[in-house]
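Engineer: Going left to right, the sequence shown walks through residues 1 to 150 as the UniProt record's numbering numbers them. Built from N, CA and C at the ideal position, the CB exists for glycine as well. This one's a predicted model, so the numbers in the text were calculated from it and none came from an experiment. Sharing a structure, written as structure tokens. Questions coming.
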Amino acid sequence: MSNASPVVTESAYLTLHYRLAGADGTDIVTTFGTNPATLMLGQNQLAPFLEERLLGMAEGEHKTFILSAQEAFGERNPELVQWVSKQTLDDNSVPDADYKAGDLVDFAAPGGGRFAGMLREMREDAALFDFNHPLAGQHLHFEVKLISVL
Numbered sequence: 001m002s003n004a005s006p007v008v009t010e011s012a013y014l015t016l017h018y019r020l021a022g023a024d025g026t027d028i029v030t031t032f033g034t035n036p037a038t039l040m041l042g043q044n045q046l047a048p049f050l051e052e053r054l055l056g057m058a059e060g061e062h063k064t065f066i067l068s069a070q071e072a073f074g075e076r077n078p079e080l081v082q083w084v085s086k087q088t089l090d091d092n093s094v095p096d097a098d099y100k101a102g103d104l105v106d107f108a109a110p111g112g113g114r115f116a117g118m119l120r121e122m123r124e125d126a127a128l129f130d131f132n133h134p135l136a137g138q139h140l141h142f143e144v145k146l147i148s149v150l
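Here is the structure:
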């Protein structure tokens, strides 16, 4: 038997510290300095592109990955910036809510489910929304310290 550390597999149960930061180094989410996260791969607890980076890492390893916009949440898609009528907004979100530019608004999607858009501009009869992921178009830093692998 070798004393090799356990490595991350597609269904591993992990305890780890992780940090996701924007291109400018600002933390988006971090567990460093608090309790580590415990998660099981393949359960959509982390985005698939983050899980892929963990595969093959050994217990005790500490790594930082740089993800391009393409590898992360994708490039910004100008077609996802759209005007929504006030009627559609009221029908599919909280009616008469006092939304302001910069708010992330949750919508009911046709056929069930939810999606969110960032309000860019509010007019009397319509609102301009950006349905791109808020992190689309930027590269991200993903830092991982693997504490244990089961």
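What separation, rounded to the nearest whole angstrom, lies between the Cα atoms of L46 and Y99?
Structural biologist: Taking the sequence shown and counting its residues from 1, one reaches residue 46 at position 46. Taking the sequence shown and counting its residues from 1, one reaches residue 99 at position 99. One C-alpha to the other measures close to 30 Å.
Engineer: If I'm right that M118 touches L104 with Cβ under 8 Å, what's the distance once you round it to whole angstroms?
Structural biologist: Locating residue 118 in the sequence shown gives position 118, counting from the first residue. Locating residue 104 in the sequence shown gives position 104, counting from the first residue. So it is a contact: roughly 6 Å between Cβ atoms.
Engineer: Among L14, R120, G25 and G113, which one has its Cα closest to the Cα of Q138?
Structural biologist: Position 138 of the sequence shown holds residue 138. Nearest of L14, R120, G25 and G113 to Q138, Cα basis: G25.
Engineer: Looking at the structure shown, is Q87 part of a helix, part of a strand, or coil, going by DSSP?
Structural biologist: Here residue 87 corresponds to residue number 87 of the sequence shown, with the count starting at 1. If DSSP states are grouped into helix, strand and coil, Q87 belongs with the helices.
Engineer: So, helix, strand or coil for F73, using DSSP?
Structural biologist: Here residue 73 refers to the residue found at position 73 when the sequence shown is read from its first residue. The answer is coil: DSSP assigns F73 none of H, G, I, E or B.
Engineer: Determine whether the beta carbon atoms of L20 and L140 lie at a separation below 8 Å.
Structural biologist: Residue mapping note: residue 20 aligns to position 20 of the sequence shown, counting from 1. Residue mapping note: residue 140 aligns to position 140 of the sequence shown, counting from 1. Their beta carbons are under 8 Å apart, which means L20 touches L140 by this criterion.
Engineer: Just to confirm my understanding: we take I28, look at its own chain, exclude 5 residues before and 5 after, and list those with CB closer than 8 Å. What are they?
Structural biologist: Against the sequence shown, residue 28 aligns to sequence position 28. Around I28: L20, A21, G22, L135 and L140.
Engineer: Count Cβ pairs between the segment 8–18 and the segment 143–150 that sit closer than 8 Å; are there 3 or more?
Structural biologist: As far as the Cβ criterion goes, the segment 8–18 touches the segment 143–150, which means the pair count is three or higher.
Engineer: Please go through the same chain and pick out, in chain order, the residues whose beta-carbon is closer than 6 Å to the beta-carbon of A108, but skip the five residues on each side of it.
Structural biologist: Sequence index remark: in the sequence shown, residue 108 carries index 108 (1-based). Once the five neighbours on either side are set aside, the close Cβ partners of A108 are N92.
Engineer: Between which residues of its own chain and T64 is the CB-CB distance below 8 Å, once the five residues before and five after are set aside?
Structural biologist: The residue given as residue 64 occupies position 64 in the sequence shown. If we look at T64 and ignore the five residues flanking it on each side, its Cβ neighbours are H141, F142, E143 and V144.
Engineer: Taking the beta strand (DSSP E) that L119 belongs to, which residues open and close that run?
Structural biologist: Within the sequence shown, numbered from 1, the residue matching residue 119 stands at position 119. From DSSP, the beta strand (DSSP E) with L119 extends over R114 to M122.
Engineer: Does F49 have its Cβ less than 8 Å from a Cβ in chain B?
Structural biologist: No chain B appears in this structure, which consists of one protein chain only.
Engineer: Consult DSSP for E143 and reduce its assignment to one of helix, strand or coil.
Structural biologist: Along the sequence shown, one-based indexing puts residue 143 at 143. In this structure, E143 counts as strand in the three-state DSSP scheme.
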